[in-house]
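J.:
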Amino acid sequence: MEDENVQWSGRPSRFTILFAIVGGLLFVLGGIVGTLMLLSVLDGQELPVWVGFLPLVLAVVGVVIVGKTYLEWIRLLYVITDEEIYVKHGLISRDVTQIRLDRVQNTSFDQTILERMLSFGDVRIYTAGTSTEDLTFRDVPDPEQIKSTLTQLLSEQSRPDTTTPPT
49 MEDENVQWSG
59 RPSRFTILFA
69 IVGGLLFVLG
79 GIVGTLMLLS
89 VLDGQELPVW
99 VGFLPLVLAV
109 VGVVIVGKTY
119 LEWIRLLYVI
129 TDEEIYVKHG
139 LISRDVTQIR
149 LDRVQNTSFD
159 QTILERMLSF
169 GDVRIYTAGT
179 STEDLTFRDV
189 PDPEQIKSTL
199 TQLLSEQSRP
209 DTTTPPT
């Protein structure tokens with residue numbers, strides 16, 4: 049909204065896509081090396097046509113893995129404003145889940161040992177009432193800082209507004 053100020057926004061940690069990206073790049077590299085090896089081995093010999101396409105298929109699979117992983121990562125955005133919390137999915141079409149801060153009951157974060165070493169984890173947001181769903185910011189960088197931001201915003205909301213004179 050226009051009157052909201054973004055307090056934090058981010059995506060899951062880059063570490064969560066690292067292995068898929070590296071794996072995809074290894075496929076591409078394998079395709080390139082395979083093509084170069086086939087060219088040097090062939091040197092005038094004839095092989096079945098399908099053998100020449102194997103390195104190309106390997107490289108295409110690698111590009112698809114890298115592209116799909118990156119697009120899935122970039123299509124997810126978490127946003128905390130001074131009024132609401134948003135989880136936005138999608139690039140072209142958009143699916144947005146939002147919860148007003150005044151509906152939030154509690155927050156927590158958790159990290160495995162590896163996540164703690166790499167400084168990412170999950171932030172869980174618990175809401176009041178049964179009609180609203182709980183949110184989880186999965187694999188976000190520095191979850192303790194995000195939880196702290198939420199705690200600060202929640203405590204500011206719970207304080208009475210002293211700027212408006214009573215009527």
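Offset between the sequence shown (1-based) and my numbering: plus 48.
Heads up, the beta-carbon is just placed ideally off N, CA and C, and yes, glycines get one too.
Since we're looking at a predicted model, the values are computed, not measured.
1) I'd like to confirm the pairing. Which residues does DSSP put opposite N154 in its beta bridges?
2) Return the CA-CA distance between S206 and G110, expressed in angstroms with no decimal places.
3) Measuring only the C-alpha atoms, how far is L106 from G78?
4) Can you give me the C-alpha to C-alpha distance between L201 and S156, rounded to a whole angstrom?
5) How big is the Cα-Cα spacing for L198 and I128?
6) Could you work out which residue in R123, V76 and G71 is closest to R142 when comparing CA atoms only?
7) What are the start and end residues of the beta strand (DSSP E) that includes T131?
T.: Looking at the atomic coordinates:
1) Y174
2) 51 angstroms
3) 7 angstroms
4) 14 angstroms
5) 8 angstroms
6) R123
7) It should be noted that the sequence gives Glu, not Thr, for residue 131. Looking at the DSSP string, E131 is not in any beta strand (DSSP E), and its letter there is neither H nor E.
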